[in-house]
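Top line first, the protein sequences correspond to chains L and R. First residue of the first sequence: -7, per the working numbering; consecutive thereafter. First residue of the second sequence: 3, per the working numbering; consecutive thereafter.
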Amino acid sequence: MRYEDIVHRCFRCGYCKFTGDYSDFNCPSYRKFFFESYSPGGRMWLIRAWLNGEIKNTDRFQEILFSCATCANCVEHCVFTFSEDLVNIFIAAREELVNQGIIPPAVRDYLKNINISGNPYKEPAEERGKWAEGARVEPYDGQDYLFYVGCVGSYDERAKKIAKAVGNLLADAGISFGILGDRETCDGNEVRVLGEMGLFQFLAEQNITLFKELGIKRVITLDPHAFNAFKKDYHGLGGEFEVYHYTQILAPVVESKKIPLKGYQAKVTFHDPCYLGRHNGEYEAPRKILHGIPGLEVIEMDQSRENAFCCGGGGGNFFTDILGGGEESPNRIRIRQAYATGAEIVAVACPQCAKMLDDAVKLEELDGQLEVLDVAEIVTKALG
Amino acid sequence: MTDIFGQLARIVGERFVSNNPEEIFFYARDPGLMPAHKPDYVVVPKTAEEIQQIVRLAGKERIPLVPMGAGMSLTGLVIPLKGGIVIDMKRMNGIIEVNEKARYVIVEGGTSQGALKAYLEKHYPRLRHSIPDSPATATVASNTMIHGQGRLSQQYGFNSDMVSGLEVVLPSGEICRIGSCALSPYWFSKGAPLPDLTGLFLGWFGATGIITKIALKLYPRKKMRDVEIFVTDRDDLVSDMVYEITHTEMVEDITIFAQPMPMIFKDNHHITLFITGDTEEELEFKRKMVWSCLDRFIKSKDGGFMSVPPVMKPTLLDMPQRSVSRFADVKKGGGFEYSGPIIPVETYPECARKVMDLASTYDLGYSAMARIIGRSHCMMFGFAFTFNRADEDMMERTRKALEEVSTFAIELGGVFWKPTIDEQRLALEKMDPVTRDLMKMIKGNLDPRSIMNPGNWEVA
C-alpha cells in the first residue's frame, strides 16, 4: 500500500479530532460514531492492523474507512510532520480495498455509475447541459474561460439552480466564458478519493484531452471538488491550465462594483467548503463577495475557516450516505452550529454542501427559520 | 445464556455498543508498551443513568468494567486486563456549571481538558484550570484520577488536589456525591470540613467507582504569560536553584528538561520558568525577583539565563504543549513511553544521570522532563524514551530501560506515578502492610465482586 511506511507513526494523541482551540471534536465521522476507531488515529491504527493481518476487511472496516469525509481537519491539526499525508493514507487504504473488490455496495454503485454513464445519477450525457436552459450562457467556443459545472451542478435539481445563478452572474459581469454541455464529463475528484485510481486517471485524461483539443487555458468551476481535482491532481497528468473557483472570479467583480448591487437585508453565516478552504486555502473570496453586498450582516460560526466543520458530504459521502442518518450526522450538527449564530441564511459555495445542509434544515425542522443559499444566489437576490 | 450485547444495546442504543473486531482491537491497547488485552464489548454511554445500568448489569453477570477517558496514560491503565466492558466516557463531555465567584467548574466525566480550556477562555477569560501537557483529548476526570499535574501544580499541588467535588457511580450502581455537594448545592470542597472521601476514588484508576461528574477549582488567569529558561550544567545544584525560585512565589510553573538534541542542549539542564501578570510591570517585577534569587549561581558561573528564541516561545507557552506528543516521532516511529515517579527534588542529579545511562545502555532516544509539584515539595521526574513502533527490538529495549527505572525509582524513595500493573505490584510489595490491608479492605468493601478495572490495585 502507498504510505505503508508511515502508518505506524501515529501516536493516536487525538489532536487530529479537534478544532484548533480544542473547543469541540471536529472530525465528522468521529462525531457521528463516537468510537475511537472512527477517528483519524483509529483509522491509522486499524489500517496498520489490517496490513499486518491482525484484522480482516469486514463491513465494519469498510464503514470506518469510507466514512472519512476527507475534510482534512486532521491534516490541519495533527501535530506530526506526516500530517499532510493523513487523508492520502486513508485514500490509499481505500484504493487497496477497491483493488480487492471488497467495498461497500454504495461505493461500488457510485463507481460503476461513473464508469458506465460518466455521472453518478445514471443520466444520459445529453441531459448534462439541460441546467443551462434559460440561462445566459453559451457553448464553449474559444472564449477566455470554460465554466465547468460538474456532475452535481448538471443533474441535481437543487444544484442546477446554483449553476444557473453562477452562469448568469458571470454573464452579467461580462466574463467571456462558455460551457461544454453534453461534452462535459465527470472531473473524478470523488472517484479518486474513493480509491478508484484507474478510473480517475481515465476521466482526468479524457478531460485533459478534450480541454487541449478545444484550446482551453482557463477553467472556472462551480464545485470546489472539481476545483481541487483540476488544480491539484490534473497537473501531474498533463493538465496545464489555470483553475478558479467561481467565487475567485466574482469577488473582484463585486468589490469593484462591476455588477450594481442594490443590496439585501439579511443575517448570513458562511459555511466553508472543505475542498475550497482546508484543501486549497481559499477562505477569503466568498467572504469578500458577502461583505460586498450592501445590507448583508455576516456572522461567523465558531467553527469556521480552518476549523470549519464539514457538512459530511466529502470523501464521496454525498453519494454513499455512510455518514447520514441520526441527530449526530454531520450535516445536522453543522446546521445547528449555523442556527446558533442567529443567522437567517447559511451561505455556501459548493453544490454538495448546499444539498447536504438543505436536507439538514428539514431534518432539524428549521424550515422558515434558516435558509441555505449559495453565495451566487445571494448575489442574485441583491441585484434586486 | 444472557444476551449481554442486547442488554448493553438497550441501555446505550445499538449504535454505541460494539463487539466488532475493529473496536476490540483498538480498545485492547494504548499508545504505550503494555501488552494488549481484548475487551469483550466497548460502550459509549451518554448519561450517568446509563452508566448505572451498565454497572448493575456487570455486577449481576460479574463482567469486568473498565472506564476510559482518552486512554493516554501510556501505562496500560485502561487496558482491560481481564476482558469485559470498556466504557469510553467521551460522549459525556458537558460543562455543567461555572461558579465564577467561588472559582470552580463542574464537568461531566468525559469532558476533555481541551474543551474546558476553550470554554473558560471564551466565557470566563479571568479563570483557568491547571492544564496538563497530555494531549488536549485527555479528560479532566481521568487526569485527576491518576493524580496528574499541570501548569498550576507548582502553586497548588497535584491536579487532584484541585478537585472540589465528585459524583461517582459506585460498583453497586448507586450514585454517590463526594464533598460539599453531598449536602449543599455548592461544589466548593472535596472534603473539608467533612471527612475527605475522594481518597476512596482518586488514584484508584476506576477500581472503586466511575466518576460521572467532577468539580475542579479554578484560578485567576492573568492577561500575560512569559517564559524564561535558566540553564545550568550542574545537575547537583538544580534542587538548590528550584528551592530559591519557589521561595519567591513568583512563578506559575517550573519544569526542567534535559535532552541530547539539539547539540547545544546536551549535558545542560533547562529550568523553565513560566511567569504571569496582568501588566507589563507585574511581569517585570516577577522577572526581577527570579533573576535576583538566582544571582549567586550566575556569579559563581554555575548557570545563566538563556535567550529564548522567538520561534521557541510559542512552543513553550503552548497549553497543552503539543511538542510533548511530537517526541513520539523523533525516531519516525510513533511511540514514546515514560516512567514518571514522584520523588524529592533533591534526587534530581541521580535521576538525570540515570536516564542518560539507560539511554546509552539500551541505545535509545531520551528526554528527561521534571515538573515541580508544590513549593518544591516533590517533583515528577519523567524518564522518557522514544521508540519506533515498527522496530520490535527497539520496543523491547525501551521496555527493559523502563523496568530498570521502576526499580531505581523505588529504591531512591520515589513513588510510582500512574504505575503499570508491574509497578503496582512492586509498590504493594514495598508498602507498609497495614496500609496495604487498608487498601484491600476498601476495595473489598466497595467492589466485593471485583468487577471494577480488575487487576489494578489488586492486593493478593
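C-beta atoms are modelled at their ideal positions from N, C-alpha and C, and glycine is treated no differently.
On the criterion of 16 or more Cβ atoms from any shown chain inside 10 Å, does K432 (chain R) qualify as buried, or is it exposed? exposed
Going along the chain, which residues of its own chain have a beta-carbon closer than 7 Å to the beta-carbon of I281 (chain L), five neighbours each way excluded? T239, L242, A243, V246, V367, V371
For F27 (chain R) and I273 (chain R), I'd like the C-alpha separation in whole angstroms. 41 Å
Any beta carbon from chain L within less than 8 Å of R223 (chain R)'s own beta carbon? no
Kindly indicate if chain R contains any beta-carbon less than 8 Å away from that of F72 (chain L). It does: the Cβ of F72 (chain L) has a partner Cβ on chain R nearer than 8 Å.
Outcome for C232 (chain L) when other beta-carbon atoms lying within 10 angstroms are tallied against a minimum of 16: Before going on, a small fix: residue 232 (chain L) reads as Glu here, not Cys. Its Cβ having fewer than 16 others within 10 Å, E232 (chain L) is exposed.
Using only the alpha-carbon positions, how far apart do E149 (chain L) and L103 (chain L) sit? Going from the Cα of E149 (chain L) to the Cα of L103 (chain L) covers about 21 Å.
Output, in chain order, the set of chain L residues within a Cβ distance shorter than 7 Å of E25 (chain R). F27, S29
Looking at F7 (chain R) and Y43 (chain R), is the spacing between their C-beta atoms short of 8 Å? yes
Just to make sure I have the definition right: I need the residues of chain L whose C-beta is within less than 8 Å of the C-beta of P33 (chain R). Which are they? F3, R4, C5
If you run the structure through DSSP and keep just helix, strand and coil, what is V417 (chain R)? strand
Give the straight-line distance between the Cα atoms of E63 (chain R) and S174 (chain R), rounded to the nearest whole angstrom. 13 Å
CB contact below 8 Å: N22 (chain R) versus chain L: yes
Find the residues of chain L that neighbour D90 (chain R), judging by a C-beta separation of less than 8 Å, and give them in chain order. F26, F27, E28
One question on the structure: do G33 (chain L) and C63 (chain L) come within less than 8 Å of each other, judged by their Cβ atoms? no
Could you tell me whether any Cβ in chain R is nearer than 8 Å to the Cβ of I291 (chain L)? no
Return the CA-CA distance between R52 (chain L) and F58 (chain L), expressed in angstroms with no decimal places. 10 Å
Could you give the uninterrupted runs of the beta strand (DSSP E) lying entirely in the region 238 to 262 of chain R, keeping only those of 3 residues or more? As summarised for the region 238 to 262 of chain R, the continuous beta strand (DSSP E) elements at least 3 residues long and confined to that stretch are 255 to 260, given in chain order.
What does the alpha-carbon distance come out to for the pair I453 (chain R) and T437 (chain R)? 22 Å
Could you check whether E292 (chain L) and K259 (chain L) sit closer than 8 Å to each other, using their CB atoms as the reference points? No, they are not a contact pair.
Does the separation of the CB atoms of L414 (chain R) and I345 (chain R) fall below 8 Å? In this structure, I345 (chain R) lies closer than 8 Å to L414 (chain R) by Cβ.
What whole-angstrom Cβ distance do G307 (chain L) and P322 (chain L) have, given they're in contact under 8 Å? With 8 Å as the limit, G307 (chain L) and P322 (chain L) do not qualify as a contact, their Cβ atoms being about 11 Å apart.
Here's the rule I'm using: 16 or more other beta-carbon atoms within 10 Å means buried, otherwise exposed. How should Q257 (chain L) be labelled? exposed
Looking only at DSSP bridge pairs, what is I89 (chain R) linked to? R:V45, R:P69
Range covered by the beta strand (DSSP E) that runs through M382 (chain R): 380 to 390
The beta strand (DSSP E) spanning L168 (chain R) covers which residue range? 165 to 171
Exposed or buried, D238 (chain R), counting other C-beta atoms within 10 Å across all chains shown (16 or more means buried)? Answer is exposed; the Cβ neighbour count stays below 16.
Separation of T261 (chain L) from T333 (chain L), as counted between CA atoms: 7 Å
Assigned exposure category for H400 (chain L) - 16 Cβ within 10 Å defines buried: With chain L running from -7 to 376 in the structure shown, residue 400 (chain L) is simply not present.
Residue closest to E24 (chain R), alpha-carbon to alpha-carbon, out of L:V158, L:I167, L:G134, L:R40: L:R40
So who's on the other strand from C178 (chain R), going by DSSP bridges? R:V170
Fully enclosed by the region 317 to 401 of chain R, which alpha helix (DSSP H) runs are 4 residues long or longer? 324 to 328, 350 to 364
To the nearest angstrom, how far is the alpha carbon of D32 (chain R) from that of V80 (chain R)? Those two C-alpha atoms are separated by around 8 Å.
Between which two residues does the alpha helix (DSSP H) harbouring F74 (chain L) extend? Here F74 (chain L) belongs to no alpha helix (DSSP H), and DSSP marks it neither H nor E.
Under 8 Å between C-beta atoms, does W37 (chain L) make it to chain R? yes
Could you round the C-beta distance between K84 (chain R) and G457 (chain R) to whole angstroms and report it? I think they count as a contact, below 8 Å. 6 Å
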